[in-house]
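Protein sequences, first through last, are from chains A and B.
Each residue of the first sequence is one higher than the one before, counting from 2 in our numbering.
Each residue of the second sequence is one higher than the one before, counting from 68 in our numbering.
We put the CB at the ideal spot given by N, CA and C, even for glycine.
Notes follow the structure.
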Amino acid sequence: MPHTHDVTVVGAGPAGVAAAVEAAEAGLDVALIDAAAQPGGQYWRHFDEDRARPEDRRGHHGWPVFTGLRDRLYVLRDAGRVHYLPGHQVWLATRDDAGTFTLRVTPTVRDPEPAGPGHGGTGHDGQDPVVARALILCPGGYDRQLPFPGWDLPGAMAAGGVQALLKGHRALAGRRAVVGGTGPFLLPVASGLAHAGAQVAAVVEANATLGWLRDPVGAVSAPGKGVEAAQYAATLARHRIPYRTRTVIRAILGDGRVEAVRTVKVDREGRPAGPEREIAADLVALGWGFTPSLELPLMLGAATRQDVDGSLVVEVDDLQRSSVDGVYVAGEATGVGGAALSVSEGRLSALALAAALGRPRMDPGTNADADRNTEAAGNTDADGTTDGNTSADKSAASGAAADPAGIRRVQARIRRGRRFAAAMHRTYPVPAAWPRSLPDATVVCRCEEVTYGDLRHAHAELGATDARTLKMLARPGMGWCQGRICGYATAGIAAWLDGRRPTADDLLPLSGRTPAVPVRLGELAALAETVTADPAGP
Amino acid sequence: MSTALQGAGPGPTLSRSADLVIVGAGVVGAAAAYFAALAGRRVVVVDRGAIAGGTSSAGEGNLLVSDKEAGPELDLALYSQAVWREDLAEHAGLWEFEAKGGLVVAATEHSVAGLRELSVHQRASGVEVHDVGHSALHEYEPHLSKDLAGAAFYPQDAQVQPMLVVAHLLRLARGLGATVRTGTEVTGFLRSGDRVTGVRSTAGDIPAGAVLNAAGTWAGEVAALAHVAVPVRPRRGFVLVTEPMPPRTVRHKVYAAEYVGDVASSDAALQTSPVVEGTDSGTILIGASRERVGFDRTVSVPAISTLAAKAVALFPMLREVRLMRTYHGFRPYCPDHLPVIGADPRAPGLWHACGHEGAGIGLSAGTGKLIAQALTGGQPDLDLTPFAPDRFTDRTQDAEEAVS
Ligand SMILES: Cc1cc2nc3c(=O)[nH]c(=O)nc-3n(C[C@H](O)[C@H](O)[C@H](O)COP(=O)(O)OP(=O)(O)OC[C@H]3O[C@@H](n4cnc5c(N)ncnc54)[C@H](O)[C@@H]3O)c2cc1C
Ligand SMILES: Cc1cc2nc3c(=O)[nH]c(=O)nc-3n(C[C@H](O)[C@H](O)[C@H](O)COP(=O)(O)OP(=O)(O)OC[C@H]3O[C@@H](n4cnc5c(N)ncnc54)[C@H](O)[C@@H]3O)c2cc1C
Numbered sequence: 002m003p004h005t006h007d008v009t010v011v012g013a014g015p016a017g018v019a020a021a022v023e024a025a026e027a028g029l030d031v032a033l034i035d036a037a038a039q040p041g042g043q044y045w046r047h048f049d050e051d052r053a054r055p056e057d058r059r060g061h062h063g064w065p066v067f068t069g070l071r072d073r074l075y076v077l078r079d080a081g082r083v084h085y086l087p088g089h090q091v092w093l094a095t096r097d098d099a100g101t102f103t104l105r106v107t108p109t110v111r112d113p114e115p116a117g118p119g120h121g122g123t124g125h126d127g128q129d130p131v132v133a134r135a136l137i138l139c140p141g142g143y144d145r146q147l148p149f150p151g152w153d154l155p156g157a158m159a160a161g162g163v164q165a166l167l168k169g170h171r172a173l174a175g176r177r178a179v180v181g182g183t184g185p186f187l188l189p190v191a192s193g194l195a196h197a198g199a200q201v202a203a204v205v206e207a208n209a210t211l212g213w214l215r216d217p218v219g220a221v222s223a224p225g226k227g228v229e230a231a232q233y234a235a236t237l238a239r240h241r242i243p244y245r246t247r248t249v250i251r252a253i254l255g256d257g258r259v260e261a262v263r264t265v266k267v268d269r270e271g272r273p274a275g276p277e278r279e280i281a282a283d284l285v286a287l288g289w290g291f292t293p294s295l296e297l298p299l300m301l302g303a304a305t306r307q308d309v310d311g312s313l314v315v316e317v318d319d320l321q322r323s324s325v326d327g328v329y330v331a332g333e334a335t336g337v338g339g340a341a342l343s344v345s346e347g348r349l350s351a352l353a354l355a356a357a358l359g360r361p362r363m364d365p366g367t368n369a370d371a372d373r374n375t376e377a378a379g380n381t382d383a384d385g386t387t388d389g390n391t392s393a394d395k396s397a398a399s400g401a402a403a404d405p406a407g408i409r410r411v412q413a414r415i416r417r418g419r420r421f422a423a424a425m426h427r428t429y430p431v432p433a434a435w436p437r438s439l440p441d442a443t444v445v446c447r448c449e450e451v452t453y454g455d456l457r458h459a460h461a462e463l464g465a466t467d468a469r470t471l472k473m474l475a476r477p478g479m480g481w482c483q484g485r486i487c488g489y490a491t492a493g494i495a496a497w498l499d500g501r502r503p504t505a506d507d508l509l510p511l512s513g514r515t516p517a518v519p520v521r522l523g524e525l526a527a528l529a530e531t532v533t534a535d536p537a538g539p
Numbered sequence: 068m069s070t071a072l073q074g075a076g077p078g079p080t081l082s083r084s085a086d087l088v089i090v091g092a093g094v095v096g097a098a099a100a101y102f103a104a105l106a107g108r109r110v111v112v113v114d115r116g117a118i119a120g121g122t123s124s125a126g127e128g129n130l131l132v133s134d135k136e137a138g139p140e141l142d143l144a145l146y147s148q149a150v151w152r153e154d155l156a157e158h159a160g161l162w163e164f165e166a167k168g169g170l171v172v173a174a175t176e177h178s179v180a181g182l183r184e185l186s187v188h189q190r191a192s193g194v195e196v197h198d199v200g201h202s203a204l205h206e207y208e209p210h211l212s213k214d215l216a217g218a219a220f221y222p223q224d225a226q227v228q229p230m231l232v233v234a235h236l237l238r239l240a241r242g243l244g245a246t247v248r249t250g251t252e253v254t255g256f257l258r259s260g261d262r263v264t265g266v267r268s269t270a271g272d273i274p275a276g277a278v279l280n281a282a283g284t285w286a287g288e289v290a291a292l293a294h295v296a297v298p299v300r301p302r303r304g305f306v307l308v309t310e311p312m313p314p315r316t317v318r319h320k321v322y323a324a325e326y327v328g329d330v331a332s333s334d335a336a337l338q339t340s341p342v343v344e345g346t347d348s349g350t351i352l353i354g355a356s357r358e359r360v361g362f363d364r365t366v367s368v369p370a371i372s373t374l375a376a377k378a379v380a381l382f383p384m385l386r387e388v389r390l391m392r393t394y395h396g397f398r399p400y401c402p403d404h405l406p407v408i409g410a411d412p413r414a415p416g417l418w419h420a421c422g423h424e425g426a427g428i429g430l431s432a433g434t435g436k437l438i439a440q441a442l443t444g445g446q447p448d449l450d451l452t453p454f455a456p457d458r459f460t461d462r463t464q465d466a467e468e469a470v471s
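Structure (structure tokens):
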């Protein structure tokens, strides 16, 4: 019988690290599993810790918050209070008859980077299951992608991928870049590229303006965000990067790789409303908001809903509890809202779980400081003006007590964060009419080479009026990525062809995947010996 | 959107009456719609979800004769084979019909003997079987385990892509004047005395000369709306899908001899004898487990891990191949493992075509043609008595409850 932890946290991004640290400090026996080699997730992705340089923190807001959380994590790990398992992916999550949860893990296929300090030392062979009485799932999300001519050319990348190369590898994917799509997350990518020495030929934003700067709800809810945006604006100005609003990339041009983009002005619905122009580029970074990773919550049967940005997210209550008893969810998976909100949600889930289990805190700490500090996660300056903010570091190392007032304070912060996120999503919607002028030859599903024309045929001739039927009849999402990349687009196209807006029912069939990541059949077969007496065996 | 294919919407009550309303746009409903429309009937197909949204898109597309013991189901399977290959021959390419043949392998001399004995009876019923000895096994399947004793090859075994079958049969039926209403749930029946004279639905009443219950695993619930009992229940199955492999890595449908016993079993516990096969897209399908656990949708580690273990035992090279996805469905299951096909004497005007369990894709073509023949007053090509809707006595149901 494997050891049973009080809680397993999946994901060591802002939400997961905060949850693990908070839970362990509340006295819970914690396991923390993360696919990456180092903590930080999407947002605080960084270069190998062993070979860190001061400038690595560039582009990382709330870096002190992160290092504070990370230091606490390592202290807890070294004290044996967090069983931290980096470099491992959870591929199967099941609820056991006894009410516990068993997670099966497999080593992440690693990039050629040498192992960092988070590596090894765990003695885990990747086969032992991780068992716990409760789960806090913080699997985060990744860039939403929309298909259009040329989006599959080498040199066209997801904005998050470009960012990951910069942050994790200090690698620049091109010399002359165009950043396109919608939303404030295009800005850090553009400024990151500029800082790294690329020429950013344009940021192409489908929506009107930096409206959220002026949005009264947004400004009140998260004052720091305005500062952050202003700093990005300053970076764009300093590097003379044109910021073209109400403009979309209509096509990426090139013979075998990206050579230029063709842009066009659009109206509110995304319909062309001006002349086209061509911009030379060898790198295009594309982002249309985020898609939460829902594999694990869906595998366990958690209820979902459609968020303001149109994405499917896990439904949670005001204590981060999903519809499945014992399963808490925090971070992007409950709705996209940035790193600071993710940290708060992670903390709340741990505090709520500790309270539910009746655990007292082991490290009494001051909570007011910690509350203020974590709020800064998304707010501090890209260029590191919070350097030396040691008070923030210190307070981040203490956390908030699991007292009702502490929980209420975190809840209030989450409500503010959500309001801000909703305002942001309303400012930066994916244009409703985005499939309008797609040529039939546009590849929608790259794995199975399914074109927009194939989807139109399946709709018009075969009666596929929803995303699941479209997938069944034309195969988008049936290949290697299982719809991770084309799922959102397929749902949007299904709805568009049927003359309506995409619904949760369109998104759901392309969001669930078992296993959560591909796994060798040998690894699955090995479980047979442990779980069944093989009733029908020869 | 084709004019004859309509979504739910708050539309007006359907005024136009039909000769036949078919409840269920799965493979069985689609086949019945096609053959009834071909016979000149005005058909309306109604489904509460999308087309092929039920079990027809949650299984595999094997058209097997090899796994059936001599008897009425084998007769129906052989009849269906003829319908697939003759009546539907011109459309075969639309649904990727492929006569790849089935290879049933046995691990021990004892199971080889069992295979040979089964084949004697199957041959007598018209099944083509080639005995394959140990030494010839690898000519059929180069990657098979070396530890197998022998096999039987069934050239008639074939496959289709079931969702495309449903979509195209419905498209062809629409071309013949049929109407398909998705997003429309049947909530009751119109009656005139005992007679069923149409359905009540979430989109209004649809009067009809006859109603066909083709609601698959949910056919028992639909029958209950007409106050008749049809004992169809769910039998869960998982299927594993691997990453794409080079073409012809696995050439036929390959499964272990023990599978036949599993199919015919009434045991509620888990049974897993995988059928391993390659697909056009390169992925290898490994399916499927059988267990009676109601409509439990959570992943079963015993089911999927045992499937994997047994598939690896057949093809050791699969050990290093990655599992990309698993899915599951609920086979429509009757206590005696036979489908329900024909008119219901307890409710005149009501017909059934349901309960095809793990063979509904293969049996759909024959079922559809037979139902159309019976509905139009003709003598069906095959005697439908073994499939009679009122054949179930309380005793067969009690015996069934006892094992479950
Ligand atoms: C290009 C870009 C720019 C951004 N800019 C900003 C910004 O300026 N300001 C801001 O506030 N936010 C920004 N964000 C958003 C920010 O990254 C997210 O809000 C934040 O990372 C969410 O935290 P999280 O903990 O929910 O998830 P993540 O940070 O995504 O972490 C999830 C972790 O879970 C792991 N994981 C997932 N599934 C499994 C599994 N099955 N097994 C094991 N591990 C698993 C992942 O590997 C990952 O490490 C940006 C994001 C991107 C991509
Ligand atoms: C894992 C697995 C593997 C399988 N492999 C094979 C195989 O290889 N070969 C083979 O031949 N068979 C196979 N099968 C079996 C086959 O899939 C089924 O027998 C077949 O799909 C049944 O078709 P159907 O049309 O009767 O039911 P369904 O496809 O389920 O259609 C019934 C329809 O009725 C609708 N419905 C229900 N209630 C109502 C209502 N009140 N109002 C309106 N509509 C309603 C449903 O929405 C549904 O669409 C497999 C099954 C499983 C689960």
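Whether residue i touches residue j by CB criterion (8 Å)
i: Y101 (chain B); j: G433 (chain B); result: no
i: V308 (chain B); j: T373 (chain B); result: no
i: A414 (chain B); j: D198 (chain B); result: no
i: C139 (chain A); j: G332 (chain A); result: yes
i: L390 (chain B); j: L525 (chain A); result: yes
i: E316 (chain A); j: A334 (chain A); result: no
i: A203 (chain A); j: R245 (chain A); result: yes
i: L358 (chain A); j: I408 (chain A); result: no
i: L349 (chain A); j: L313 (chain A); result: no
i: A282 (chain B); j: V289 (chain B); result: yes
i: V566 (chain A); j: A25 (chain A); result: No answer is possible for residue 566 (chain A): it lies beyond the span of chain A, which begins at 2 and ends at 539.
i: V196 (chain B); j: Y221 (chain B); result: yes
i: L301 (chain A); j: R96 (chain A); result: yes
i: H89 (chain A); j: A20 (chain A); result: no
i: A286 (chain B); j: C421 (chain B); result: yes
i: F305 (chain B); j: A370 (chain B); result: yes
i: R269 (chain A); j: L29 (chain A); result: no
Beta-carbon separation (whole angstroms), residue i vs residue j, contact threshold 8 Å
i: L456 (chain A); j: I494 (chain A); result: 5 Å
i: A270 (chain B); j: R248 (chain B); result: 6 Å
i: V366 (chain B); j: T393 (chain B); result: 7 Å
i: V233 (chain B); j: G93 (chain B); result: 7 Å
i: Q223 (chain B); j: V194 (chain B); result: 7 Å
_So within the segment 143-221 of chain B, which uninterrupted beta strand (DSSP E) runs reach at least 3 residues, ignoring any that extend past its ends?_
Runs of the beta strand (DSSP E) inside the segment 143-221 of chain B: 169-173, 197-200 and 217-221.
_Using 8 Å as the cut-off, can you tell me whether the segment 174-191 of chain A makes contact with the segment 425-435 of chain A, which would need three or more C-beta pairs spanning the two stretches below that distance?_
Yes, the segment 174-191 of chain A touches the segment 425-435 of chain A.
*Taking contact to mean at least 3 C-beta pairs separated by less than 8 Å, is the segment 358-370 of chain B in contact with the segment 264-281 of chain B?*
Between the segment 358-370 of chain B and the segment 264-281 of chain B there are fewer than three inter-stretch CB-CB distances shorter than 8 Å, so the stretches are not counted as touching.
_Across the segment 277-295 of chain A and the segment 170-181 of chain A, are there enough close Cβ pairs to call them in contact, namely three or more that are closer than 8 Å?_
The segment 277-295 of chain A vs the segment 170-181 of chain A: in contact.
*Pick out the complete alpha helix (DSSP H) segments inside the segment 316-352 of chain A, 4 residues or longer, and give them in chain order.*
Taken in chain order, the complete alpha helix (DSSP H) segments of 4 or more residues contained in the segment 316-352 of chain A number zero; there are none.
_Cβ contact (3+ pairs, closer than 8 Å) linking the segment 172-187 of chain B and the segment 214-221 of chain B_ = Because the criterion of three Cβ pairs below 8 Å is met, the segment 172-187 of chain B and the segment 214-221 of chain B touch.
*In chain order, each beta strand (DSSP E) run of at least 3 residues that lies wholly inside the segment 258-306 of chain A*: Listed in chain order, they are 261-267, 273-281, 284-289 and 291-293.
*Is it a yes or a no for the segment 121-133 of chain B touching the segment 400-407 of chain B, going by three-plus beta-carbon pairs under 8 Å?*
No, because fewer than three Cβ pairs between the segment 121-133 of chain B and the segment 400-407 of chain B fall closer than 8 Å, the two stretches do not touch.
*Would you check if there are 3 or more beta carbon pairs closer than 8 Å linking the segment 485-500 of chain A to the segment 448-462 of chain A?*
Enough Cβ pairs lie closer than 8 Å, so yes.
*For the segment 96-113 of chain B and the segment 430-448 of chain B, state whether three or more C-beta atom pairs, one from each stretch, are separated by less than 8 Å.*
Yes, the segment 96-113 of chain B touches the segment 430-448 of chain B.
*Please confirm if the segment 142-160 of chain B is in contact with the segment 308-327 of chain B, defined as three or more CB-CB distances below 8 Å between the two stretches.*
They do not touch, by the three-pair rule.
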